[in-house]
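Visitor: If you count the sequence shown from 1, position 30 lands on 14 in our numbering, and the numbers rise without skipping. Glycine included, every Cβ here is placed at the ideal spot set by N, Cα and C. Predicted model, so just to flag it, every value in this text is computed and none were measured.
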Amino acid sequence: MARRDAVRVVVEWNGIRGHGEVVTSRYYGLDVERITGLLGGLAPVVGSCADPAELRERLPELPPGVLAAVDAALHDLAALRDGVPVHATVGIPQWTDAPTARTIGIGSPADAFAEASGLAARGFTVLKVKVGAEDDVARVEAVRAAAPGARLVLDPNGGWTAEQAVRVVDRLTGVDALEQPIAPGRWDELAWLRERCPVPLIADEDAATADDVRALAGLVDGVNVKLAKCGGITAAREVIDVARACGLDVMLGCLVASSLGIAPAVHLTGYARWVDLDGHLLLADDPWSGIGGEDGTLRLTGAPGLGVVPR
-15 MARRDAVRVV
-5 VEWNGIRGHG
5 EVVTSRYYGL
15 DVERITGLLG
25 GLAPVVGSCA
35 DPAELRERLP
45 ELPPGVLAAV
55 DAALHDLAAL
65 RDGVPVHATV
75 GIPQWTDAPT
85 ARTIGIGSPA
95 DAFAEASGLA
105 ARGFTVLKVK
115 VGAEDDVARV
125 EAVRAAAPGA
135 RLVLDPNGGW
145 TAEQAVRVVD
155 RLTGVDALEQ
165 PIAPGRWDEL
175 AWLRERCPVP
185 LIADEDAATA
195 DDVRALAGLV
205 DGVNVKLAKC
215 GGITAAREVI
225 DVARACGLDV
235 MLGCLVASSL
245 GIAPAVHLTG
255 YARWVDLDGH
265 LLLADDPWSG
275 IGGEDGTLRL
285 TGAPGLGVVP
295 R
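1. Short check: CB of V226 to CB of L266, under 8 Å?
2. G254: which of P77, I0, V121 sits nearest, CA to CA?
3. Let's see if you can read the secondary structure: which residues bound the beta strand (DSSP E) around V110?
4. Check for me: the beta strand (DSSP E) holding A27 runs from which residue to which?
5. Can you say whether T8 is buried or exposed, counting buried as having 16 or more other CB atoms within 10 angstroms of its CB?
6. I think P44 touches L58, with their Cβ atoms under 8 Å apart; what is that distance to the nearest whole Å?
7. Taking its Cβ as the centre, do 16 or more other Cβ atoms sit within 10 Å of T285, making it buried, or is it exposed?
8. So what's S101 in DSSP terms, helix, strand or just coil?
9. Do L111 and L136 come within 8 Å of each other at the CB atom, strictly closer than that value?
10. Compute the distance between the beta-carbons of V183 and V207, then report whether it is under 8 Å.
11. Taking buried to mean at least 16 other C-beta atoms within 10 Å of its own C-beta, is E5 buried or exposed?
12. Which of the three DSSP states, helix, strand or coil, is assigned to E5?
13. Applying the 10 Å Cβ sphere with the 16-neighbour rule, what's the burial state of S243?
14. Identify which residue in C230, G102, L26, G75 has its Cα closest to the Cα of L39.
15. In whole angstroms, give me the CA-to-CA distance for P271 and E99.
16. Pick from C33, R10, Y11, D(-11): whose alpha carbon is nearest that of V(-5)?
17. Whole angstroms are fine: how far does the CA of G31 sit from the CA of G245?
18. Beta-carbon within less than 6 Å of D55's beta-carbon, same chain only, minus the 5 sequence neighbours each way: which residues are those?
19. Would you report the Cα separation of V169 and D196, rounded to the nearest angstrom?
20. Could you tell me the distance, in whole angstroms, from the CA atom of D190 to the CA atom of G67?
21. Output the distance between the C-alpha atoms of V250 and D188, rounded to the nearest integer angstrom.
22. Can you list, in chain order, the residues of its chain with a C-beta nearer than 6 Å to that of D(-11)? Leave out the 5 residues immediately preceding and following it.
23. Whose CA, out of R123, E163, D172, G102, lies closest to the CA of L156?
24. I need the DSSP call for T145, collapsed to helix, strand or coil.
25. Tell me the residue span of the beta strand (DSSP E) that contains P83.
26. Under 8 Å, do L103 and G2 count as touching if we go by C-beta distance?
Right, dumping it as structure tokens:
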């Protein structure tokens, strides 16, 4: 299990408090000191705004992870004020539950078999397998043997070549999708791979903005939308709309975070083909609850706002 430093964002207006969370990330260059400094710099803007809607319009440029936390708090506040769940405020269809993937990390085939067996027994029907070298085929096959009914998503984290991706996938059966198989920026290779790959290709690092998604249309089959990557619910809604208009499927992904940090993305799952929102399940001690997932299924209570509560 993991630990992750995080900063909670609280926006209060007329006695209503909206909450958000930004987690530290070496990849995104965010530590607690930088996060708190950026949030502290918002004080003059916050103090001069008449209402939350004005604050959203006047937010300065911020790193996407910090912006996502502020955006989540503003959506939480607005939904609490209106007495509705967040997804109802952004036009996402009502849903009752959503199977989430659980990630199996790099390790031996025996370890992968044991982990997949345990997850399948708990109810997980979607498994994401981190893969590296070509000999990981044995590990993927071990996961398949342990969980024959599960949908498998392979994630090489951009570590393969296009040719390697074709060789590996051709040796496997029952793979539901391949996420960011080659390094970001190699779009010509993505196009070459898509013509030869028998499973859907999902862009992750290559797909940060709506403009990225437009440019990727025809090169991949889907995009991984992470709120900490694009800047929150508002930006993610735009990315999802563009993806659907371009005929691309949507995966929702996340960083390791508490249920408070994961909840904003959970409210967007009504338009997702793949859901990979297990970040809160990886924590040794999640200080929030309300979105489920322990049995492989995310659930919303229908409560107003983000629908999470402190433990």
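Guide: On the basis of the coordinates in this document:
1. no
2. Distances from the CA of G254 to each of P77, I0, V121 were compared; the closest alpha carbon is that of P77.
3. 110 to 114
4. Premise fails: A27 lies in the alpha helix (DSSP H), 27 to 31, not in any beta strand (DSSP E).
5. Residue burial is scored here from C-beta neighbours: T8 has at least 16 other C-beta atoms within 10 angstroms and is therefore classed as buried.
6. At roughly 14 Å, the Cβ-Cβ gap does not stay under 8 Å, so P44 and L58 are not in contact.
7. exposed
8. S101 carries a helical assignment under DSSP once its states are collapsed to helix, strand and coil.
9. In this structure, L111 lies closer than 8 Å to L136 by Cβ.
10. no
11. buried
12. strand
13. buried
14. Of C230, G102, L26, G75, the residue nearest in Cα terms is L26.
15. 25 Å
16. Across the set C33, R10, Y11, D(-11), the C-alpha of C33 shows the shortest separation from the C-alpha of V(-5).
17. Between the C-alpha atoms of G245 and G31 there is a straight-line separation of about 25 Å.
18. Closer than 6 Å at Cβ, skipping near neighbours: G216, I217, T218.
19. Reading the sequence as shown, one finds Gly at residue 169 and not Val. Between G169 and D196, the C-alpha separation is close to 11 Å.
20. 37 Å
21. Distance between the alpha carbons of V250 and D188: 18 Å.
22. T8, V16
23. R123
24. coil
25. 81 to 83
26. no
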